[in-house]
Amino acid sequence: MTTARFIPDGPALLIEGEGARPERAALIGPRAAVTGRLTGRGKTWKARFPLTAARWGGPELPLPSGSYRVEIDGVRVALSLPATMLPGLRASAAEDRVEIGAPVDPAYSSAEGQRALELRYASRADPLENAVFFESFYGSAAGCNPLALDREIARVAPGVTRYWSVRDGSVHVPDGAVAVIEGTPEWWRARGVARLLIVNDWLRRRFVRRPGQRVLQTWHGTPLKRLALHRSGFQPRRWGAVVKESRRWDVLLAQNTYAERILRKAYAFFGRPVWVEGYPRNDVLVTGTAEHVRAALGIRADERVLLYAPTWRDDRAEMVDFIDPARLAADTGSVVLVRGHSRTLQPGHDVAGPRVIDVTGYPDTASLLLVADALVTDYSSVMFDYSATGKPMYFLVPDLEHYRGELRGFYFDLAARAPGPLVRTYDDLVRALGQEPSAYADRYDAWRQQFNSRDDGHASERVVARLLDQGFIERS
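One point on numbering: in this note's numbering, the residue at position 191 of the sequence shown is 220, and numbering is uninterrupted.
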């Protein structure tokens, strides 16, 4: 019988087994994996797995929350794991799985414990701090527009405290920022005392605005696909939820005037300001360099990079599999980066292959756009960001009619205006990638004039200047 138990120093997971010592032991999760250090001779052996990992050249951090399987010599093993508490982590096992969760004290992880924290949060009377509470994609990363604004606030107003809401300890936050793990007393406190909240998606859990507290909703993309109240199958409950959410926002950020009109109506955001300043996350596409990103990903300076970044589908949890990334890399002589949508981060699994790098878990999409020599997407709003670079785009849309007609619907005819070829098959995509994209130059120019006129590398400066001018935060 193979048994497993936690040991407190590390933290680490120790697997003990009988028989000859295996050649390899691995703990494999959907977005991370670690190799066990094997010891022992004779009748017993041990495999010690670190429960931390460094990714993308960053620091050692706890493994992302999720379900991990244990493989010994490539074979899954059945475990017997006691419910033992480990500092900063909790885990349980069923058959060949180890479940690793966020480090929330058991006293607060229950529904009753969270209700107690919510009540404490809703009734707090301590003064507001000159602080910002950041959250990006529900705490799954420190990225997008909130990250760009964090950098600018740290530069011009270093006295502002910067809290980052994170799902678990695997999320790397910017230097000088304070990570607060969702559901902990520290998380509830930070959200209750920060003078300003900067988020790029819906506010979750209970939210009670305190006098003097403000919310900047940056959103996370110019929309092609229909949003919120504009989606088909309208239901009164959806209308109520959308209006309740948008009333929590004081200011909405839009990349361009087209997005301003759509977002106002889709979220019934009337009577309050929309700042059309370009997207802070796109500043790096104008002012940044790609060398450090290539180094972090292990890509040589002379290698062509294709970024495949499809959006998510309402009728499936994982990323679409319309192409074989390894085949695309071989057929084009490129390095292929695969970037799933934030909604496919948890249910999905990294893809692998020669010259393929799955970057779904990479914290900042803008850095990937910066390093890519060409973008392959479908209906993702990443198209409106990548066009700020002027580099070629290709649209792989084998399910165009289904997505446009049944799943979501569009705000405009993509086929008539796309600044690059729309292709239906893998072979058509490879042919298009081998051709000169100059035929789409006029469309590309018109596209950039409409959608990227404010993406000039200074959006973060403008937004933070307005936050300071209007007293949302103070310099010191």
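A virtual CB, placed ideally from N, CA and C, is assigned to each residue, including glycine.
Under the three-pair Cβ rule at 8 angstroms, the segment 300 to 314 counts as touching the segment 478 to 494. Under the three-state reduction of DSSP output, I182 falls in the helix class. Following the DSSP letters along the chain, one finds T316 in no beta strand (DSSP E) but inside the alpha helix (DSSP H) bounded by residues D312 to T316. Under the three-state reduction of DSSP, P175 is assigned to helix.
In the structure shown, the three-state DSSP call for R266 is helix. A residue is called buried once 16 or more other Cβ atoms fall within 10 Å of its Cβ, and T64, having fewer, is exposed. A residue is called buried once 16 or more other Cβ atoms fall within 10 Å of its Cβ, and G71, having fewer, is exposed. Per DSSP, the continuous alpha helix (DSSP H) segment holding R323 begins and ends at E320 to L326. In the DSSP assignment, P59 falls outside any beta strand (DSSP E) and carries neither an H nor an E.
Per DSSP, S138 lies in no beta strand (DSSP E); the unbroken alpha helix (DSSP H) holding it starts and ends at P135 to S138. Across the set D442, H370, L451 and W216, the C-alpha of H370 shows the shortest separation from the C-alpha of C173. The three-state secondary structure of S363, taken from DSSP, is coil. DSSP places I210 in the uninterrupted beta strand (DSSP E) bounded by V207 to I210. Counting every other CB atom within 10 Å of its CB across the protein chains shown gives D179 a total of 16 or more, marking it as buried. The residue among H321, L258, L404 and A359 with its C-alpha nearest the C-alpha of P383 is A359. The criterion of a C-beta distance shorter than 7 angstroms is not satisfied by V459 and A401.
Judged by their CB atoms, T389 and W341 are not nearer to each other than the 7 angstroms cut-off. In terms of CA proximity to Y391, L326 leads the group V405, V349, V411 and L326. By the Cβ criterion, the segment 449 to 458 is in contact with the segment 410 to 426, since at least three pairs of Cβ atoms, one from each stretch, lie closer than 8 angstroms. Annotation: the continuous alpha helix (DSSP H) that includes L399 extends over T394 to V400. The beta carbon of V305 is closer than 6 angstroms to those of A283, T286 and E289 in its chain, skipping five residues each way along the sequence.
Sixteen is the threshold: since fewer than 16 other Cβ atoms of the shown chains lie within 10 Å of the Cβ of P302, the residue is exposed. For Q246, the secondary structure class from DSSP, reduced to helix, strand or coil, is strand. Within the same chain, F163, A171, V202, A206 and A208 come within 6 angstroms of W193 by CB-CB distance, once the 5 residues on both sides are set aside. With distances taken between CA atoms, V280 lies nearest to V492 out of P91, V492 and G221. Residues of the same chain with a CB within less than 6 angstroms of the CB of P51, apart from the 5 flanking positions on each side, are I101 and D102 in chain order.
Nearest in C-alpha terms to A468, of all of V195, D484, R446 and Y137, is R446.
Cβ-Cβ distances below 8 angstroms link F439 to L253, K254, R255, Y408 and R433 in the same chain, with the five nearest sequence neighbours on each side left out; the list follows chain order. Residues K72 and T73 of the same chain have their beta carbon placed closer than 7 angstroms to that of E47, with the five preceding and five following residues left out of the count. 7 angstroms or more divides the Cβ of P354 from the Cβ of V364. Here L462 is buried, its C-beta having at least 16 other C-beta atoms within 10 Å.
In the three-state reduction of the DSSP assignment, V493 falls in the helix class. Our two residues, P132 and E465, have alpha carbons roughly 51 angstroms apart in a direct line. By a beta-carbon distance limit of 8 angstroms, W268 contacts L258. Their separation comes to about 6 angstroms. If you draw a straight line from the Cα of D343 to the Cα of V228, it comes to about 23 angstroms.
In this structure, E215 is the residue among E215, F501 and Y337 with its C-alpha nearest to the C-alpha of R149.
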